[in-house]
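One structure is given below, encoded as structure tokens.
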């Protein structure tokens, strides 16, 4: 049985819908996970013992339990606790949870990599802690963390395929849906793999340009 190009051409609108949703989910999760990561990193580096303990427990749970289990937990267990979300929101919450756990450590490492002498010098100038973090620590930490953030976005883009299991119409869901009705597995998964490659390569190229300009400006 040969490769049916005409069949793929017929499925392009549906595939584009899946690709669009995949990108939307990835961007939303990245933004939310960055917020979680920054807050968690500040808690681990500047917070009290209790905050460090809670943040440490969160990181351990997020990083050491399977992503699919976390997705199922939010989608299937939360409703029994009175927290009902649609599949899209459930997927975003779950991916933000495990993504934030990774980024806490990324930002923590970035913050701790900033020379302590700079912080001490800022304190000697009577700068407030918020000023030190915003104006001195964070810009340098972000520069250090940027390669990891780029890698994380690509990781999220690929991990979004797990959301097909709870009915979110992303690329993998589209492939499974079409195959269930037309049995063109070779064509569909080839097209989906190619689209993932195109998205990853494009994002890597664009963010590589941003990274170079960002480092130059800093």
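Numbering (my numbering), first residue to last: 560 to 777. All C-beta atoms in this analysis are idealised placements derived from N, C-alpha and C, irrespective of residue type, glycine included.
Worksheet item: From 657, 697, 670 and 728, pick the residue whose C-alpha is nearest to that of residue 714; which is it?
Response: 657
Practice prompt. Would you identify the three-state DSSP class for residue 625, choosing helix, strand or coil?
Written response: coil
Worksheet item: When burial is assigned at 16 or more other CB atoms within 10 Å of the CB, is residue 561 buried or exposed?
Response: exposed
Worksheet item: Got a sec? Which residues, its chain only, sit under 7 Å from residue 707 by beta carbon, not counting five neighbours each side?
Response: 665
Worksheet item: Thinking C-beta only, is residue 734 closer than 7 Å to residue 748?
Response: yes
Worksheet item: When you compare only the Cα positions, how much space is there between residue 724 and residue 615?
Response: 29 Å
Discussion item. Between residue 663 and residue 599, how many whole angstroms is the CB-CB distance? I'm expecting something under 8 Å.
Written reply: 3 Å
Practice prompt. Could you give the DSSP three-state label for residue 778: helix, strand or coil?
Written response: Given a span of 560 to 777 for the chain in the structure shown, any question on residue 778 remains unanswerable.
Worksheet item: Cα separation between residue 686 and residue 601?
Response: 18 Å
Item to complete: Kindly indicate which residue of 763, 572, 589 and 761 has the alpha-carbon position closest to the one of residue 660.
Response: 589
Fill in: Inter-residue Cα distance where the pair is residue 627 and residue 721
7 Å
Discussion item. So, for residue 563: in the same chain, excluding its five sequence neighbours on each side, which residues have a beta-carbon less than 8 Å away from its beta-carbon?
Written reply: 743 and 746
Worksheet item: Cα separation between residue 613 and residue 633?
Response: 20 Å
Discussion item. Classify residue 667: buried if its beta carbon has 16 or more other beta carbons within 10 angstroms, exposed otherwise.
Written reply: buried
Item to complete: For residue 567, collect the residues of the same chain with a Cβ closer than 7 Å to its Cβ; drop the 5 residues on either side in sequence, then sort them by chain order.
Response: 746 and 750
Discussion item. Tell me the rounded alpha-carbon separation between residue 671 and residue 741.
Written reply: 54 Å
Discussion item. Which same chain residues end up closer than 8 Å to residue 758 when comparing Cβ atoms and leaving out the 5 residues on each side of it in sequence?
Written reply: 578, 581, 582 and 716
Worksheet entry | Distance between residue 678 and residue 688 (C-alpha atoms, nearest Å) | 9 Å
Worksheet item: What is the DSSP secondary structure of residue 717, reduced to helix, strand or coil?
Response: helix
Item to complete: For residue 575, count neighbouring Cβ atoms within 10 angstroms of its own Cβ and tell me buried if that reaches 16, exposed if not.
Response: exposed
Fill in: Cβ shell of residue 603 (< 6 Å), same chain only, five flanking positions each side left out
611, 614 and 667
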